[in-house]
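Report on one structure; see the data block that follows.
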């Protein structure tokens, strides 16, 4: 298989208030395959565009959209229902909230004319948010997206709509038609009544 591989090289956010000194806003990570900017970045007025899943897309032309979200809840009790109750001695939580980005579509902001998107975590620590590579299954979005932690989010929300400017830098390289391999092999066992699938992936953190 081939894909247009997207590799981020450098990212930052600089905020210039309507009055006062400019400052660099800490970035926890970037939105993979979101988009890229030149070294100078993309600059626009910082405006708050809502909380997931309801966004205000009107009036975003030429601006940097600030949004926030709560991490999605995974209800393990429902997920495991097809296989019955928990095995003896095993206890699964009724629900968990993994640190994964809850917003999967940035293209809507690009279509609305925004020049960049800043996504704010609201309910996890900055240490947990740091270096999160999420979501890892979206096609190119056409607009640069960067994540910030909850304290930075609060600071930016206070400045949004006040005339402050945000410069979003996300330098990335795109390599068209990058080859990737899928290897499938079968090891015959002693039983024809069941199949055990062992799966691992190398597009991110290894998992089996």
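Numbering (this note's numbering), first residue to last: 2 to 209. Beta carbons are placed, not taken as given, at the ideal position from N, Cα and C, and that holds for glycine.
Identify the residues that DSSP records as bridge partners of residue 52: which are they?
Taking the chain shown and counting its residues from 1, the one referred to as residue 52 is at position 51. Beta-bridge pairing links residue 52 to 55, 69.
May I ask you to list the residues that DSSP assigns as paired with residue 11?
Here residue 11 refers to the residue found at position 10 of the chain shown. Its beta-bridge partners are 172.
Would you mind stating whether residue 152 and residue 127 have Cβ atoms separated by less than 8 Å?
Residue 152 sits at position 151 when you count from the first residue of the chain shown. Residue 127 sits at position 126 when you count from the first residue of the chain shown. Yes, Cβ-Cβ distance for residue 152 and residue 127 is below 8 Å.
Mind checking residue 23: buried by the 16 CB within 10 Å criterion, or exposed?
Working through the chain shown from its first residue, we reach residue 23 at position 22. Residue 23 is exposed by the Cβ-count criterion.
Tell me which residue opens and which closes the alpha helix (DSSP H) that residue 110 is part of.
Position 109 of the chain shown holds residue 110. 108-112 is the extent of the alpha helix (DSSP H) around residue 110.
Determine the burial state of residue 175: buried for a count of at least 16 other Cβ atoms within 10 Å of its Cβ, exposed for fewer.
Here the question's residue 175 lines up with position 174 in the chain shown. Per the 10 Å Cβ criterion, exposed.
When you compare only the Cα positions, how much space is there between residue 45 and residue 180?
The count along the chain shown starts at 1 and reaches residue 45 at position 44. The count along the chain shown starts at 1 and reaches residue 180 at position 179. Rounded to the nearest angstrom, the two C-alpha atoms are 37 Å apart.
Give me whichever residues DSSP pairs with residue 147 in a beta bridge.
Position 146 of the chain shown, counting from 1, holds the residue named residue 147. The partner list for residue 147 (beta bridge, DSSP) reads 31, 119.
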